Structures are given as structure tokens and as C-alpha cells.
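Mapping to my numbering: the sequence shown position 249 is 379, numbers consecutive.
No residue lacks a Cβ here, since even glycine has one placed at the ideal position from N, Cα and C.
Quick caveat, the model's predicted, so the values are computed rather than measured.
What follows is one structure encoded as C-alpha cells, with my remarks underneath.
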Amino acid sequence: MKTPVDRRSFMKIAGASIGVGAVYKVGSLLGRGGFGEVFAAEQGRATGEKPSPFSFVQLSDTHVGFSGPPNPTGTKAFEEAVAWVNRLPEKPDLVLITGDLTHDTEKPGEHADRMKRFREIAAGLTVKDVKLVPGEHDAALDGGKLYREVFGETHASFDHRGVHFVGLDNVSLGKPAVGAAQIAWLKKDLSRFPKEAPIVVYTHRPLFDLQPDWEWFTGDGDEVLKVLDGFENVTVLYGHIHRAHTFETKNVRHYAARSLIFAFPDPKAVPEKKPVPFDAAQPFRNLGPRVVREPGSRAGRPVVDDIELVARTFAGMVGSQQFLKARGV
């Protein structure tokens with residue numbers, strides 16, 4: 131009889147990045163002998179590659195082209211996030227960017243220029259691969275046409291060191307939805323995997339009803355989660371809400387990344403959706419790194435530390451190696 135894999139055991143966080151980009155370290159259950167070895171062999175048959183430890187970074191909501199009172203600093207946080215990732219002592223294999231790469235505009239040619247600028251900044255990342263999904267600002271106005279021309283397909287999947295990654299588009303239909311065609315694609319895509327397979331889904335909007343009146347939901351998110359019901363080790367990473375948030379549905383742990391442009395408040399604390407006001411004395415308030423560490427026990431939950439990004443950290447006075455060492459990571 132197979133021993134079930136704790137869905138939190140295969141992934142932990144090894145560091146932090148600007149704007150809560152979290153550095154996820156995969157493979158904590160590997161090398162434990164016994165079931166860990168059996169699991170690695172089975173997953174290797176499904177993906178063509180046996181699992182091995184690695185790390186990756188999530189960034190979100192860069193909104194290149196945005197200009198307004200909530201953040202007059204423009205792309206500065208995104209640019210520093212790129213530099214921060216490049217300074218990490220343990221080089222991540224991947225960077226996942228979960229939508230709203232640009233801020234939309236109806237001015238002819240300007241949106242394409244913003245996508246070009248996004249690519250120029252992202253090209254500074256010295257990682258092996260960068261994977262993207264669109265946000266509504268990238269793809270809702272034209273159904274994803276420009277996004278596809280610049281970046282390629284709006285949804286895709288890939289295997290990396292025994293983990294299956296799925297990028298879902300829940301914006302380009304012009305409403306918060308994945309759509310029947312993409313859900314059918316997802317079912318087919320996952321059909322070759324055993325229930326223990328580690329699966330990471332990255333998308334823009336939350337797949338559950340977080341705050342529907344603020345459009346923090348996906349209309350057919352329940353249908354997507356039904357497809358994922360048969361798997362024991364599922365993590366969903368998303369953005370859109372411009373704040374850190376963790377939520378658990380039936381078999382999935384959901385993590386939201388903070389924005390790299392401005393923050394939104396807790397909807398439970400305020401009556402209407404407005405960005406957190408810009409504070410010139412603390413220009414990077416609410417744009418901070420998150421460190422998540424697995425406590426080491428298969429039964430334990432990750433420990434999450436959200437650390438506010440202060441000006442001295444942003445300016446590089448606290449290096450990543452010293453930061454990680456100070457946090458015991």
C-alpha cells in the first residue's frame with residue numbers, strides 16, 4: 131500500500147524576493163529513503179525525469195507603464211526585484227510571473243511598447259527560464275491577441291525535475307474565467323500523472339471566491355479545482371490581489387504574491403477597493419519579501435514570515451546572503 135505524500139512536503143521556501151516574490155525550494159521529501167525513493171521513481175516515469183531538489187521564484191503584478199498617485203516610482207520595484215533574484219546565493223531554476231505584466235491602455239501602439247519594456251527588464255534575470263501568464267491588463271481588452279504575438283500562448287504546461295507546472299489563463303476571455311476549452315485541455319494534460327504527482331498551478335486571479343465584489347475570483351474556478359481534486363500534492367500560485375494571502379481548499383494550498391507596483395488593503399478592513407495610499411517617507415511599504423520555511427516534519431505546515439520592504443533593504447544595504455543567513459534559511 132502506498133504511503134500518501136503530504137502535499138506540503140515536496141516544496142518549501144528557501145528565501146525571499148522583492149514584492150513577496152517567494153523563492154520556492156522543491157524536493158524536501160527527496161532523499162528520505164523508502165517511500166521517497168519509490169515516489170521519485172514513479173514520478174520519473176510520468177515526467178521522464180526523476181525529481182531532484184531545485185528552487186524557483188514567483189513575482190507578480192509589475193504593471194509596467196502604470197503612472198499614478200498610488201506609486202510614482204514606476205518600474206523601480208520590478209527592476210530591483212530582478213537584481214535581487216540575481217543576487218540570491220542559491221540560483222533559482224525558474225521565475226514565474228503571474229500576470230499583469232503591463233498596465234493596459236487603449237492608445238495605439240503604447241501597449242506594445244509597454245510589453246517591450248517589460249521584456250527588457252525581465253531579460254535581466256540570470257535564471258535558466260522565465261514563465262509567464264497574462265493578467266487582465268495584458269489580455270482582457272483584445273482577448274490576448276497582442277500578448278500572444280509578444281509572449282506566446284496564454285496557457286501552457288511543462289515538467290521540471292519531476293514537478294509538473296501548469297500555467298492557466300483566467301483573464302483573456304474578457305471576464306474572470308478559464309473557459310471550457312482550457313478546462314478540457316487541463317484534464318487531458320493531467321491525465322498521465324499519478325495522484326501523488328507534485329503539481330504547481332500558476333495563474334493570475336484566485337481560483338476561489340476570495341472577494342467577488344472586488345473581482346477577486348474566477349467564475350469557473352470550482353471546475354478547475356474539481357479537475358485538481360484527484361491529486362494530493364497541488365499548490366496554486368496567483369497574483370491580482372496585490373497583497374500576501376494564503377488559503378486552503380479541499381486539497382490545495384493557494385498562495386498570493388504581493389504586487390511590484392502598489393498594494394491593496396484587506397477587504398475585511400475597508401469598505402471599498404482603493405490602493406493603499408503612497409507614503410513618500412516609506413515608498414516601499416507593503417511591498418515586501420516573504421520567507422516560507424518548512425519546519426522539517428512531514429506533518430507540519432510551512433512557517434510564513436512576511437517582511438516589509440524598507441528603503442534600506444530596497445537600496446541593497448541588506449544583501450540577500452546576509453538576509454537569508456539572518457533568517458536561518
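* Asked: Since LYS325 and PHE361 are thought to touch, with beta carbons under 8 Å apart, how far apart are those beta carbons, to the nearest angstrom?
  -> By one-based count along the sequence shown, residue 325 stands at place 195. By one-based count along the sequence shown, residue 361 stands at place 231. The pair is a contact, with the Cβ atoms about 6 Å apart (cut-off 8 Å).
* C-alpha distance - GLN341 paired with GLY274, whole-angstrom precision -> One-based indexing of the sequence shown puts residue 341 at position 211. One-based indexing of the sequence shown puts residue 274 at position 144. About 25 Å.
* To do: Would you mind sorting ASP409 into buried or exposed? The rule is 16 or more other CB atoms within 10 Å of its CB.
  => Here residue 409 corresponds to residue number 279 of the sequence shown, with the count starting at 1. ASP409 should be labelled exposed.
* Asked: Pairing CB atoms from the stretch 241-259 with CB atoms from the stretch 294-304, are three or more of them under 8 Å?
  -> no
* **Same chain only: Cβ atoms within 6 Å of VAL225, ignoring 5 sequence neighbours per side** => As a working mapping, residue 225 is identified with position 95 in the sequence shown. These residues qualify, in order along the chain: VAL187, LEU255, VAL257, VAL260.
* To do: Could you tell me which of PHE394, LEU358, GLU402, ASP272 sits nearest to PRO200, measuring between CA atoms?
  => As a position in the sequence shown, residue 200 is number 70, starting the count at 1. PRO200 has its Cα closest to that of PHE394, out of PHE394, LEU358, GLU402, ASP272.
* Asked: Based on Cα-Cα distance, which residue from PRO306, ARG291, HIS290, GLU353 lies nearest to LEU316?
  -> Mapped onto the sequence shown, residue 316 falls at position 186. The shortest Cα separation from LEU316 among PRO306, ARG291, HIS290, GLU353 belongs to GLU353.
* Going along the chain, which residues of its own chain have a beta-carbon closer than 6 Å to the beta-carbon of PHE377, five neighbours each way excluded? -> One-based indexing of the sequence shown puts residue 377 at position 247. Same-chain partners within the cutoff: HIS384.
* To do: Just mark TRP214 as buried or exposed, buried being the case when its beta carbon has 16 or more other beta carbons within 10 Å.
  => Numbered from 1 along the sequence shown, position 84 holds the residue referred to as residue 214. When all chains shown are included, TRP214 counts as buried.
* So the alpha helix (DSSP H) ALA386 belongs to, where does it begin and stop? -> Here residue 386 refers to the residue found at position 256 when the sequence shown is read from its first residue. Here ALA386 belongs to no alpha helix (DSSP H); instead the beta strand (DSSP E) covers 382-386.
* Is the Cβ-Cβ distance between ILE391 and PHE196 less than 7 Å? -> For the purposes of this step, residue 391 is taken as the residue at position 261 of the sequence shown. For the purposes of this step, residue 196 is taken as the residue at position 66 of the sequence shown. For ILE391 and PHE196, yes; Cβs fall inside 7 Å.
* Asked: By how many angstroms is the C-alpha of ASP243 removed from the C-alpha of GLU250?
  -> Locating residue 250 in the sequence shown gives position 120, where the first residue counts as 1. Locating residue 243 in the sequence shown gives position 113, where the first residue counts as 1. For GLU250 and ASP243, the distance between alpha carbons rounds to 11 Å.
* Nonlocal neighbours in the same chain, by C-beta distance under 6 Å from LEU231, ignoring five residues either side -> Mapped onto the sequence shown, residue 231 falls at position 101. Contacts found: THR192, PHE248, ASP268.
* Asked: What residue does the alpha helix (DSSP H) around GLU353 start on, and which one ends it?
  -> The residue you call residue 353 lines up with position 223 of the sequence shown. 351-358 is the span of the alpha helix (DSSP H), which, as asked, contains GLU353.
* Let me know the secondary structure DSSP gives ASP259 once reduced to three states. => Taking the first residue of the sequence shown as position 1, residue 259 is located at position 129. If DSSP states are grouped into helix, strand and coil, ASP259 belongs with the strands.
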